[in-house]
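One structure is given below, encoded as structure tokens.
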Amino acid sequence: MNTEATDEVVRICSELIRIDTTNTGDPATTTGERTAAEYVAALLAEVGLEPTVLESAPGRTSVITRFPGGTGSEPALLVHAHLDVVPADANEWTVHPLSGEVRDGYVWGRGAVDMKDVDAMLLATVRQMRREGRTPSRDLVLAFVADEEAGGAYGAQWLVERHPELFEGCTEAIGEVGGFSFTVAEDRRLYLIETAEKGLTWLRLHARGRPGHGSMVHDDNAVTALAEAVARVGRHRFPVTLTEPARAFLVEVADALGFEVDLDDPEPALAKLGTLAPMIGSTLRNTANPTRLSAGYKDNVIPGRASATIDCRTVPGEHERFLDQLREVIGPDLDIEIIERLPPIQTTFDGPLVEAMSAALRAEDPGARPVPYMLSGGTDAKAFSTLGIRCFGFAPLRLPPDLNFSALFHGIDERVPIDGLRFGVRVLDRLFRTA
568 MNTEATDEVV
578 RICSELIRID
588 TTNTGDPATT
598 TGERTAAEYV
608 AALLAEVGLE
618 PTVLESAPGR
628 TSVITRFPGG
638 TGSEPALLVH
648 AHLDVVPADA
658 NEWTVHPLSG
668 EVRDGYVWGR
678 GAVDMKDVDA
688 MLLATVRQMR
698 REGRTPSRDL
708 VLAFVADEEA
718 GGAYGAQWLV
728 ERHPELFEGC
738 TEAIGEVGGF
748 SFTVAEDRRL
758 YLIETAEKGL
768 TWLRLHARGR
778 PGHGSMVHDD
788 NAVTALAEAV
798 ARVGRHRFPV
808 TLTEPARAFL
818 VEVADALGFE
828 VDLDDPEPAL
838 AKLGTLAPMI
848 GSTLRNTANP
858 TRLSAGYKDN
868 VIPGRASATI
878 DCRTVPGEHE
888 RFLDQLREVI
898 GPDLDIEIIE
908 RLPPIQTTFD
918 GPLVEAMSAA
928 LRAEDPGARP
938 VPYMLSGGTD
948 AKAFSTLGIR
958 CFGFAPLRLP
968 PDLNFSALFH
978 GIDERVPIDG
988 LRFGVRVLDR
998 LFRTA
């Protein structure tokens, strides 16, 4: 393909990172999604596409466009990416997280891998196709959405509920997180394609006690009760539950790496996976992690109420009974408030789209071996799957062997390799011509 797109992707990625789209989870303090959406819409309109810009609330903005392809009778492919990012503390970074700095072979900044890199790859690819007068093998519905980092209520969920007509004809979708490489030998790389993701449950625990003076002996302290419950949750390990998506990944990886895996006791195999171990290990069981604490209003006042937020992720088949399991850990005395609850999703690793993704990877990397896996986190696929769309995580990146990719998500010094961005554009170009 023409090199213009592989050069443009770096510029677009850097410019998107410089647009502050920090999603705090609070609509009052979340910023920049409108600016980013207008930037994206302008790039699409510049090559003759007709973007639809929609606001779910002031400033909470998404962009949708349809790129016609094929004969018009084929099912459409939804390609989705989000514009928002999680907060970043500049004091912790080597470069400013909103700099979009290009150095040492990387584009640096918040969103570099989650997921303004994918926004940039999609834009560069479709712009090149339009400039050259090429069309995809079927209609592409391109969605650049708001609010993924807070569950999608102002983004994908709102679009699905209020504007399902925009996704008419879409039977399959690709989005984050998948298509990235894991080097197993000099000439062999696994490319993980997401076929499943864990369910999401965000909870708030509330403990109540008797308010009082901080200097007194006090046996009904809400902070103490909360702290004890949070410690139990944080230290608890739910039992291993080997789902079909996790089983499929372990079988493929064991074959690729040439080792035996005991499917009745899969955890010892994680040591073979290097930097992938934390991500894959999290797909073998339910998890519950305390993330926020809130209590009190003065140093010498014992408060009557204390609260904590728990981020819970559930494997397929466990979502419905998970709250009962967690209640046993928390104990009977604390109140549980459900903030957000989204189920797991999964599909199978087969069909023409899987074949096309695999072929595109192998065409650009002869050492590629595509394998299915389950994402430990969640994406906007949860919302789009409610429309009956079969969802995959496929945002192709060829990564340096020594890069701890999973640690960059929501981490410090987030960065994406320039060669990886260019690789992704070439793979997507092939995919859109053949899928």
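In this text, residue positions in the sequence shown follow this note's numbering: the first is 568, and each later residue adds one.
Just so you know, even glycine gets a beta-carbon here, dropped at the ideal spot from N, CA and C.
Restricting to Cα atoms, I'd like to know which of the options is closest to residue i.
i: Arg-777; options: Trp-769, Asp-786, Leu-770; result: Asp-786
i: Met-682; options: Glu-699, Lys-949, Val-653, Thr-702; result: Val-653
i: Ala-657; options: Ala-950, Leu-843, Thr-589, His-780; result: Thr-589
i: Phe-747; options: Glu-931, Ala-948, Thr-953, Phe-999; result: Glu-931
i: Val-868; options: His-977, Ser-782, Leu-901; result: Ser-782
i: Gly-745; options: Phe-959, Asp-587, Asp-947; result: Phe-959
i: Ala-774; options: Glu-904, Glu-834, Phe-961; result: Glu-904
i: Pro-870; options: Tyr-721, Ala-572, Val-790, Arg-633; result: Val-790
i: Lys-839; options: Ala-855, Asp-831, Thr-854, Asp-822; result: Asp-822
i: Leu-665; options: Arg-755, Asp-651, Asp-684, Ile-586; result: Ile-586
i: Thr-876; options: Ser-861, Leu-890, Pro-806; result: Ser-861
i: Glu-819; options: Leu-998, Thr-810, Glu-827, Val-938; result: Val-938
i: Glu-811; options: Leu-920, Phe-990, His-663, Thr-915; result: Thr-915
i: Asp-651; options: Leu-611, Asp-866, Glu-715; result: Glu-715
i: Pro-883; options: Ala-923, Asp-754, Tyr-940, Gly-637; result: Tyr-940
i: Val-797; options: Gly-898, Ile-985, Pro-594; result: Gly-898
i: Asp-878; options: Arg-872, Glu-895, Thr-858; result: Thr-858
i: Gly-719; options: Leu-757, Ala-648, Asp-866; result: Ala-648
i: Ala-624; options: Leu-610, Trp-725, Ala-717; result: Trp-725
i: Leu-1005; options: Gly-676, Phe-961, Ser-943; result: Lying outside 568 to 1002, the shown extent of the chain, residue 1005 is not represented and no answer is given.
So, helix, strand or coil for residue i, using DSSP?
i: Met-941; result: strand
i: Gly-658; result: With the sequence shown as reference, residue 658 is identified as Asn, and Gly is not the correct amino acid for it. Asn-658: helix per DSSP, three-state reduction.
i: Phe-976; result: coil
i: Ala-720; result: coil
i: Phe-816; result: helix
i: Ser-1059; result: Any question about residue 1059 goes unanswered here, given that the chain covers just 568 to 1002.
i: Glu-571; result: helix
i: Leu-689; result: helix
i: Arg-872; result: strand
i: Phe-990; result: helix
i: Ile-847; result: helix
i: Phe-634; result: strand
i: Arg-670; result: strand
i: Ala-962; result: coil
i: Val-607; result: helix
i: Asp-787; result: coil
i: Gly-841; result: helix
i: Ala-774; result: strand
i: Pro-835; result: helix
i: Ile-586; result: coil
i: Leu-645; result: strand
i: Glu-827; result: coil
i: Thr-510; result: Nothing in the structure corresponds to residue 510, since the chain is present only between 568 and 1002.
i: Asp-969; result: coil
i: Thr-1001; result: helix
i: Ser-995; result: Rather than Ser, the amino acid found at residue 995 in this sequence is Leu. Here Leu-995 sits in helix by DSSP.
i: Ala-855; result: strand
i: Gly-801; result: helix
i: Val-576; result: helix
CB-CB under 8 angstroms to residue i, same chain, minus the five flanking residues each way: which ones, in chain order?
i: Val-646; result: Leu-689, Leu-707, Val-708, Leu-709, Ala-710, Ala-740, Ile-741, Gly-742
i: Gly-678; result: Leu-583, Ile-584, Thr-588, Val-652, Asp-684, Glu-981
i: Leu-954; result: Val-727, Pro-731, Phe-734, Cys-737
i: Leu-928; result: Gly-746, Tyr-758, Ala-935, Pro-937, Pro-963, Val-994
Cutting at 7 angstroms between CB atoms, please list the residues of its own chain near residue i, excluding the five before and the five after it.
i: Gly-615; result: Arg-697
i: Ile-906; result: Trp-769, Leu-770, Arg-771
i: Ala-752; result: none
i: His-886; result: Gly-766, Pro-910, Pro-911
i: Arg-814; result: Leu-830
i: Thr-591; result: Thr-597, Pro-654
i: Ser-581; result: Gly-667, Val-669, Val-674
i: Ala-612; result: Pro-618
Grab me the residues of residue i's own chain with a C-beta within less than 6 angstroms of its C-beta, minus the 5 sequence neighbours each way, in chain order.
i: Val-630; result: Ala-604, Val-607, Ala-608, Pro-618, Val-620, Phe-711
i: Leu-843; result: Phe-749
i: Val-576; result: Ala-687, Met-688, Ala-691, Leu-988, Val-992
i: Gly-848; result: Leu-837
i: Glu-622; result: Thr-628
i: Asp-902; result: His-773
i: Arg-908; result: Thr-768
i: Ala-539; result: No information on residue 539 is available, as it lies outside the stretch 568 to 1002 that the chain covers here.
Could you tell me how far apart the beta carbons of residue i and residue j are, in whole angstroms, since I believe they sit closer than 8 angstroms?
i: Thr-1001; j: Ser-704; result: 6 angstroms
i: Phe-951; j: Val-693; result: Not confirmed; about 19 angstroms, so no contact.
i: Val-994; j: Pro-963; result: 4 angstroms
i: Leu-542; j: Ala-923; result: The structure shown has nothing for residue 542, since the chain only spans 568 to 1002.
i: Arg-627; j: Tyr-721; result: 4 angstroms
i: Leu-817; j: Val-828; result: 5 angstroms
i: Thr-850; j: Ser-943; result: 5 angstroms
Continuous alpha helix (DSSP H) assignments of at least 4 residues falling wholly in the segment 903-960: 919-931, 948-952
3 or more residues per run - each beta strand (DSSP E) lying fully within the segment 702-766: 707-712, 737-742, 747-752, 755-764
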